[in-house]
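The sequence shown begins at 11 in my numbering and counts up by one. Okay, so here's the structure we're looking at.
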Amino acid sequence: MSVELPDLPRMRGVHVLQAFLVVAGLTLGLLVTAFFAYGVLVIFGYEGTTVLSLPLLFALEAVAILGGIHYSLVCTGRVSWQELGWVPVRSGWLALAALTCVAIYVVMIGVQSVLRAISGGIEIGMLPEAFVLFPRSVFGFLGSLVFGAVAVPIAEEFLFRGLLFRWMRDRWGFSVGAVASALVFALAHPPAAGSAPMIFLIGLALAYFYERSGSLWPSMVLHGVNNGIGILFIYVALSLGSAPTL
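In structure tokens form, the structure reads like this:
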């Protein structure tokens with residue numbers, strides 16, 4: 011059932027670094043623009059966090075990543091979206107990826123229960139504390155799902171698996187590439203610092219599915235299901251008036 015990643019021209023580290031720098035620059039520029047727009051609205055008497063809500067930040071992240079990769083690599087002919095992993099795959103891989111995500115959640119909930127028992131009932135947060143930026147509305151929930159569980163997973167898989175893992179794997183092999191890229195992936199999500207072990211574990215699974223299936227689609231599904239479950243937990247907690255924890 012496994013399909014090896016197709017042979018591709020080895021990407022140079024400088025090109026991968028360039029892509030990350032362009033993505034970082036676009037992200038910073040879009041964030042500055044969003045903060046400026048928010049400031050202007052506040053000056054004109056607008057109050058609220060809609061402008062800086064997480065659905066919007068999710069959308070900006072996806073635009074920055076996909077735009078950065080397109081500008082720095084695809085437009086220059088160094089690599090195509092298909093070569094990065096945007097290729098069809100058997101539905102069995104997609105189902106297995108979704109089930110794997112659920113299994114990881116079950117394992118981490120068990121670990122969380124053990125840690126809570128050992129610590130005498132102290133809660134150890136596993137979800138982002140930035141949950142206060144999620145709009146408390148139906149449209150906010152739908153927007154969070156569309157951008158947070160669809161757009162962001164697609165964009166981040168191109169960046170962290172299609173580029174970073176692929177480059178590391180070509181240089182140092184699968185094991186080093188999977189571990190190193192998963193570590194970078196976890197460190198790149200500071201608002202979810204309490205969930206770092208789970209993010210790292212998911213990063214390993216994402217690299218595995220990309221390696222074995224030869225496509226980013228299973229990784230995108232696993233990533234999307236993970237984000238979708240997290241968003242669902244957050245909105246359930248918000249509806250109950252409590253901070254979300256696992």
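No residue lacks a Cβ here, since even glycine has one placed at the ideal position from N, Cα and C. Computed from a predicted model, the values in this text were never measured in an experiment.
DSSP, read as helix, strand or coil, puts GLY150 in helix.
About 7 angstroms separates the CB atoms of LEU248 and PHE144; that is less than 8 angstroms, so the two are in contact. Uninterrupted alpha helix (DSSP H) stretches at least 4 residues long and entirely within the region 185 to 236 occur at 206 to 223, given in chain order. Of all C-beta pairs linking the region 84 to 94 to the region 158 to 166, fewer than three are shorter than 8 angstroms, placing the two stretches out of contact.
The beta carbon of ILE209 sits closer than 7 angstroms to the beta carbons of PHE195, ALA196, HIS199 and ALA202 from its chain, once the five residues preceding and following it are set aside; these are given in chain order. With the rule of 3 Cβ pairs closer than 8 angstroms, the region 68 to 87 counts as touching the region 26 to 34. When rounded, the separation of the alpha-carbon atoms in LEU173 and ASN237 is 21 angstroms.
As for any alpha helix (DSSP H) of minimum length 4 sitting wholly inside the region 23 to 60, the runs are 23 to 53, ordered along the chain. Only residues of its own chain outside the window of five on either side were considered, and among them ALA74, ILE75 and GLY78 have a CB closer than 6 angstroms to the CB of VAL33, listed in chain order. A distance below 6 angstroms between beta-carbons, with the five flanking residues on each side excluded, links TRP227 to the following residues of its chain, in chain order: VAL99. In terms of CA proximity to LEU106, ALA215 leads the group ALA215, PHE68 and ALA188.
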